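What follows is a set of notes on a single structure, which appears directly below.
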Amino acid sequence: EPTIGVLALQGDIREHVAILTALGAHPRPVRRPEELDGLDGILLPGGESTTIDRLARIFGLMDPLRMAIKSGLPAYGSCAGMILLADRIEDGMADQQTIGGIDMVVRRNAFGRQVDSFEAQVRIAQIGEPDFHAVFIRAPWVESVSDDVEVLGKVETGEAAGRIVAVRHGNLIATSFHPELTDDHRVHGYFVDLAREYALDRKEHSQ
Ligand code: GLN
Numbered sequence: 003e004p005t006i007g008v009l010a011l012q013g014d015i016r017e018h019v020a021i022l023t024a025l026g027a028h029p030r031p032v033r034r035p036e037e038l039d040g041l042d043g044i045l046l047p048g049g050e051s052t053t054i055d056r057l058a059r060i061f062g063l064m065d066p067l068r069m070a071i072k073s074g075l076p077a078y079g080s081c082a083g084m085i086l087l088a089d090r091i092e093d094g095m096a097d098q099q100t101i102g103g104i105d106m107v108v109r110r111n112a113f114g115r116q117v118d119s120f121e122a123q124v125r126i127a128q129i130g131e132p133d134f135h136a137v138f139i140r141a142p143w144v145e146s147v148s149d150d151v152e153v154l155g156k157v158e159t160g161e162a163a164g165r166i167v168a169v170r171h172g173n174l175i176a177t178s179f180h181p182e183l184t185d186d187h188r189v190h191g192y193f194v195d196l197a198r199e200y201a202l203d204r205k206e207h208s209q
């Protein structure tokens, strides 16, 4: 089973670790560059992207994360993690950096400050039926994507209907919402499958 790093600087770390464990994967907290070695995937939790960016730079993790992702390491970013995987952001802080990797523009706090959090249905063909009941907390949305990015899901219901909130670009997946806050583990399962394939591929090529 794949070993999956969970960036453990700030945010919903415990919840993700619990779900990855329940799915049979081996989660490992990542706070230092060396802890990226030997991973089959890395999960970037929700929290506050400006704080995670700042801490990642202080811990010397930003460039190692960029290199790991360039080399093809599967990654999944939720909410602030989505922002971290975006090549470009709107409404970021003045000096805010991202890891990048997904060729898209993401708007921070896009659903408006008055709607701090809400829930909505998201249809994701790759995880099947029923629609995913998604929890959004001061969430970003995807403003635009390049042709290389696959739109996995949009909001189906309510005022925000039609907004892109789940994408995939190669081995990188991102969602605006927080699947670690519900009992539905299908998004994590989709990511663990990707990490498992990556691990198998790597083994074959090293033989
Ligand atoms: N608004 C936060 C940010 O900009 C993201 C919120 C979240 O991860 N729940 O990073």
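Count along the sequence shown starting at 1, add 2, and that's the number in UniProt numbering.
Each residue gets a CB set at the ideal place from its N, CA and C atoms; glycine is no exception.
Just so you know, these numbers come straight off a predicted model, no measurement behind them.
Pair within 7 Å by beta-carbon distance, residue i and residue j
i	j	result
Thr159	Ala122	yes
Arg125	Asp118	no
His187	Ile21	yes
Phe113	Ala141	yes
Pro35	Leu9	no
Leu166	Val137	Going by the sequence as given, residue 166 is Ile instead of Leu. In this structure, Val137 does not lie closer than 7 Å to Ile166 by Cβ.
Asp93	Pro47	no
Ala82	Glu37	no
Leu25	Gly191	yes
His171	Ile104	yes
Pro66	Asn173	no
Gln98	Thr52	yes
CB-CB length for residue i against residue j, believed under 8 Å
i	j	result
Val147	Met106	4 Å
Phe193	Tyr78	4 Å
Ile71	Gly43	No, Ile71 and Gly43 are not in contact; Cβ-Cβ is about 11 Å, not under 8 Å.
residue 1	Val151	The requested residue 1 does not occur in the structure, where the chain is confined to residues 3 to 209.
Val19	Pro4	With a Cβ gap of about 14 Å, Val19 and Pro4 do not count as contacting.
Glu182	Ser80	7 Å
Arg33	Phe61	6 Å
Leu57	Gln12	6 Å
Ile101	Arg68	5 Å
Gly164	Val157	7 Å
Chain B within 7 Å of residue i, Cβ atoms only
i	result
Ala122	In the displayed structure, chain B is absent; only one protein chain is listed.
Distance cut-off 6 Å: residue i Cβ against heavy atoms of the ligand NAP
i	result
Ile91	Summarising the ligand content, the structure contains the ligand GLN and does not contain the ligand NAP.
Curious, which full-length beta strand (DSSP E) runs of at least 3 residues does the stretch 16-48 contain?
28-32, 43-46
Could you give the uninterrupted runs of the alpha helix (DSSP H) lying entirely in the stretch 54-118, keeping only those of 4 residues or more?
64-72, 82-87
Tell me the start and end of each unbroken alpha helix (DSSP H) in the stretch 144-191 that is at least 4 residues and wholly inside, in chain order.
none
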